[in-house]
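**Student:**
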Amino acid sequence: MSTQFDQVSVVKKANIYFDGKCVSHTVLLTDGSKKTIGVIFPSSLVFNTAAAEIMELNAGKCRIRVKGSDSWDSYEGGQQFSVPANSSFEIETLETLDYVCHFVA
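The numbers in the working numbering rise by one with no breaks, and the one at position 28 of the sequence shown is 28.
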């Protein structure tokens, strides 16, 4: 996991979801790919996905359950998880989550 992204554009307007429980900014890379970088404060939320996503966790702890799964999986800073396109996942943030969401084409 890299510690920075070089030569990018950042969308100034914040993405604020779930009454401020999730806040991120969109980062556009020169190769045309898009990422969001943000935080999810302690909460229980459901996210829908259009594109496939890889959630890279910089810090914090959470449990997730991807749509169609019966089990919850735990993750923390330094780990990542994937969610397929046109799906959803439930997330229970146990400690404020610092993340990078990589959208997979």
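We put the CB at the ideal spot given by N, CA and C, even for glycine.
1. With a 10 Å radius around its C-beta and 16 neighbouring C-beta atoms as the bar for buried, classify L29 as buried or exposed.
2. Assign K35 to one of two classes, buried (16 or more other C-beta atoms within 10 Å of its C-beta) or exposed (fewer than that).
3. With DSSP run on the structure shown, which of helix, strand or coil describes F18?
4. Is the distance from the Cβ of I54 to the Cβ of Q80 below 8 Å?
5. So, is T93 buried or exposed, given that buried needs 16 or more other C-beta atoms within 10 angstroms?
6. List the DSSP bridge partners of G38.
7. Would V10 be called buried (16 or more neighbouring beta carbons within 10 Å of its own) or exposed?
8. Once DSSP output is grouped into helix, strand and coil, what is the label at N86?
9. So, for V46: in the same chain, excluding its five sequence neighbours on each side, which residues have a beta-carbon less than 7 Å away from its beta-carbon?
10. What did DSSP end up calling Q80 once you bin it into helix, strand or coil?
**Tutor:** In brief:
1. By the neighbour-count rule (16 or more Cβ atoms within 10 Å), L29 is not buried but exposed.
2. K35 comes out buried.
3. Reduced to three states, the DSSP call for F18 is helix.
4. I54 is a Cβ neighbour of Q80, given a cutoff of 8 Å.
5. That one is buried.
6. Beta-bridge annotation (DSSP): G38 is paired with S24, Y99.
7. Around the beta carbon of V10, fewer than 16 other beta carbons sit within 10 angstroms, so the residue counts as exposed.
8. Coil at N86, not helix or strand.
9. Cβ neighbours of V46 within its own chain (closer than 7 Å, five residues either side excluded): S88, E90.
10. Strand, per DSSP.
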